[in-house]
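Right, one structure below, let's go through it.
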Amino acid sequence: MSEVTTPQVRPTRPYFSSGPCAKPPGWDASKIAVESLGRSHRAKIGKTRLQYCIDLMREMLQLPDTHRIGIVPGSDTGAFEMAMWTMLGARPVTTLAWESFGEGWVTDAAKQLKLDPTVIRADYGQLPDLTKVDWSNDVLFTWNGTTSGVRVPNGDWIAADREGLSFADATSAVFAYDLPWDKIDVATFSWQKVLGGEGGHGVLILGPRAVERLENYTPAWPLPKVFRLVSKGALAEGVFKGETINTPSMLAVEDAIFALEWAKSLGGLDGLKARSDANAAALDEIIAERDWLSHLAADPASRSKTSVCLSVAGADEGFIKKFAGLLEKEGAAYDIAGYRDAPPGLRIWCGATVDTADIEALGPWLDWAYASLSA
Ligand SMILES: Cc1ncc(COP(=O)(O)O)c(C=O)c1O
């Protein structure tokens, strides 16, 4: 039996979790602006910081003026469910699911809202046939399936002349890919993913057709206050100017501002995308060199560049648990076991806040863990 050698170099920041994700490089709690804390979020300083956060998000996303962007409660789930509960029911619904989070929106549509949606599914690692989508329906999907590492390759499959609305859960896609905003009526995300911000708040993006739906359609079911986007038949515009529905965490807002200013210093979206692309390419190289490691996502065109999911030859749940546990104990990699509902495997976040050198340093540690457990 050959000796298992321990690698010499550890990733400097062994944070590879797919959410909450690594903080931006150079982040430190002492660098967060605190002047807005302990003050009313409706005071001038609070409103100014919320608006600044919104402005930075718009700039970093290259979001056109046609689309509104606001901060809402409940992280990405809150934002997406707010959109579902306020806009669905006006026309038939199609939900696409190829991993756990898309499946969660199917459950919401079918079991909670009782909308009897058309469900188009694919197994973990695959993308469903997107040409089957009927765009006279409202269509719900996850731009990047965080638990399988499969994303839609682009927006070409979304009809330009759609009658229904497109609802994109884009939480692990924004700031990593070019999103065709003209094809997106609703998008949601949370700061805890590609920005390395905090959970708690969601971000809701609405195109003009979504606003039209909100102003002209009243759902049959009651809406809790935190979901209410319309007042007296008109969109509550204040939500998109930093007048949040209820009290936000200004600490989370300031932390997001830190991340967005970092993003700006990289050159914005292009800078973020370049980092994510480089990380995914470095991980690809590691995989290509090892016959026991492979991508869960079959097709490179729809393979995630953020939440990269890997299969380990012969590994079951117990093996993966031990594998991830060994690396955590060594301080070499945190949180790289796949999602609990996904096939047993590894999931390594390659979003912009991760440094490529740390992905590169991970390779020998994966070998070490594999050899240690196989020995
Ligand atoms: C695609 C997707 N949707 C929704 C969620 C839930 O996000 P949150 O916990 O921010 O509500 C996640 C979290 O990982 C996700 O990856």
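Okay, so the sequence shown: first residue is 1 according to the UniProt record's numbering, each after it adds one.
Where is the CB? At the ideal position from N, CA and C, for every residue including glycine.
In this text the structure is predicted, and so the values were computed from the model without any measurement.
Whole angstroms is fine: what's the gap from residue i's alpha carbon to residue j's?
{"i": "VAL239", "j": "ARG68", "result": "9 Å"}
{"i": "LEU214", "j": "ILE205", "result": "13 Å"}
{"i": "ILE71", "j": "TYR177", "result": "21 Å"}
{"i": "TYR217", "j": "SER311", "result": "45 Å"}
{"i": "VAL230", "j": "ALA236", "result": "5 Å"}
{"i": "TRP368", "j": "ALA342", "result": "24 Å"}
{"i": "GLY145", "j": "GLU285", "result": "22 Å"}
{"i": "ALA210", "j": "LEU115", "result": "19 Å"}
{"i": "ARG49", "j": "THR247", "result": "14 Å"}
{"i": "ALA256", "j": "ALA79", "result": "17 Å"}
{"i": "GLU289", "j": "ASP161", "result": "45 Å"}
{"i": "PRO7", "j": "ALA298", "result": "30 Å"}
{"i": "ASP270", "j": "ILE287", "result": "25 Å"}
Using 8 Å for Cβ pairs, my map puts residue i next to residue j. What's the rounded Cβ distance?
{"i": "VAL203", "j": "PRO73", "result": "Not really, about 11 Å apart at Cβ, beyond 8 Å."}
{"i": "SER265", "j": "LYS305", "result": "With a Cβ gap of about 21 Å, SER265 and LYS305 do not count as contacting."}
{"i": "HIS201", "j": "ALA263", "result": "Their Cβ separation, rounded to whole angstroms, is 17 Å, which puts HIS201 and ALA263 out of contact at 8 Å."}
{"i": "ALA337", "j": "LEU346", "result": "7 Å"}
{"i": "LYS193", "j": "GLY26", "result": "Not a contact, Cβ separation roughly 19 Å."}
Identify whether residue i lies in helix, strand or coil by the three-state DSSP scheme.
{"i": "SER166", "result": "strand"}
{"i": "ILE32", "result": "coil"}
{"i": "VAL133", "result": "coil"}
{"i": "CYS53", "result": "helix"}
{"i": "ILE184", "result": "coil"}
{"i": "residue 376", "result": "Outside the displayed range of the chain (1 to 375) lies residue 376, so it cannot be described from this structure."}
{"i": "ALA337", "result": "strand"}
Around the C-beta of residue i, are 16 or more other C-beta atoms found within 10 angstroms, so that it is buried, or is it exposed?
{"i": "ASP76", "result": "buried"}
{"i": "TRP105", "result": "buried"}
{"i": "TRP221", "result": "exposed"}
{"i": "PRO128", "result": "buried"}
{"i": "ALA324", "result": "buried"}
{"i": "VAL34", "result": "exposed"}
{"i": "TRP98", "result": "buried"}
{"i": "SER374", "result": "exposed"}
{"i": "THR86", "result": "buried"}
Considering just the uninterrupted stretch of the beta strand (DSSP E) at residue i, what are its terminal residues?
{"i": "THR94", "result": "93-97"}
{"i": "SER311", "result": "307-312"}
{"i": "ARG121", "result": "118-121"}
Residue i lies in the alpha helix (DSSP H); which residues open and close that run?
{"i": "ALA176", "result": "First-last for ALA176: undefined, no H or E at that position."}
{"i": "ALA278", "result": "269-288"}
{"i": "PRO364", "result": "356-374"}
{"i": "PHE141", "result": "Taken as a continuous stretch (DSSP letters only), PHE141 belongs to no alpha helix (DSSP H), being part of the beta strand (DSSP E) at 138-142."}
{"i": "THR107", "result": "100-107"}
{"i": "THR12", "result": "Element bounds for THR12: n/a, residue is neither H nor E."}
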